[in-house]
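Colleague: Sharing a structure, written as structure tokens. Questions coming.
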Amino acid sequence: MFRAFSRNSAGSPRIRSFHSVAVKAMPKGFPSVIGPHRLVKYVHFLLREFYPRHDKLCRIEGELLLEHLAGDKDALTQLAARDGKVEAFLASCWKS
5 MFRAFSRNSA
15 GSPRIRSFHS
25 VAVKAMPKGF
35 PSVIGPHRLV
45 KYVHFLLREF
55 YPRHDKLCRI
65 EGELLLEHLA
75 GDKDALTQLA
85 ARDGKVEAFL
95 ASCWKS
């Protein structure tokens, strides 16, 4: 389970039962991850290897969408040329 929660949230029993982790985002630093060692290592891997690439692809598409909304006719063409890049990245990460 990967989700944000407060100190009084229902998520904390799942951490204590070794089914989840807590992630505290630190400004200008690597997030602090608390939970079972195997899940902490997995989350560190995702934060280091997966999310930067994923976020970069999504950021580019988001910027193109904003440009299109602002009236840039070429932005939609550029966005169409990028069609499937996020899905292809996800497929390459999660293939069996």
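My numbering runs 4 ahead of the 1-based position in the sequence shown. In this text, a Cβ means the ideal position worked out from N, Cα and C, and glycines have one as well. Note that this is a predicted model, so its numbers are computed, not measured.
Which residue or residues does DSSP assign as beta-bridge partners of S36?
Modeller: Per DSSP, K28.
Colleague: Looking only at its chain, what residues have a beta carbon closer than 7 Å to the beta carbon of C62, apart from the 5 residues adjacent to it on each side?
Modeller: V90
Colleague: Measure the C-alpha to C-alpha separation of F22 and K45 and round it to an integer number of angstroms.
Modeller: 13 Å
Colleague: Under 8 Å Cβ to Cβ from L69, same chain only, skipping five residues before and after it: list those, please.
Modeller: A79, L83
Colleague: Hey, A29 and I38: beta-carbon distance below 7 Å or not?
Modeller: no
Colleague: Reducing DSSP to helix, strand and coil, say where L83 ends up.
Modeller: helix
Colleague: What are the boundary residues of the alpha helix (DSSP H) that G49 is part of?
Modeller: Correcting the residue type first, residue 49 is Phe in the shown sequence and not Gly. In this chain, the alpha helix (DSSP H) harbouring F49 covers 41–49.
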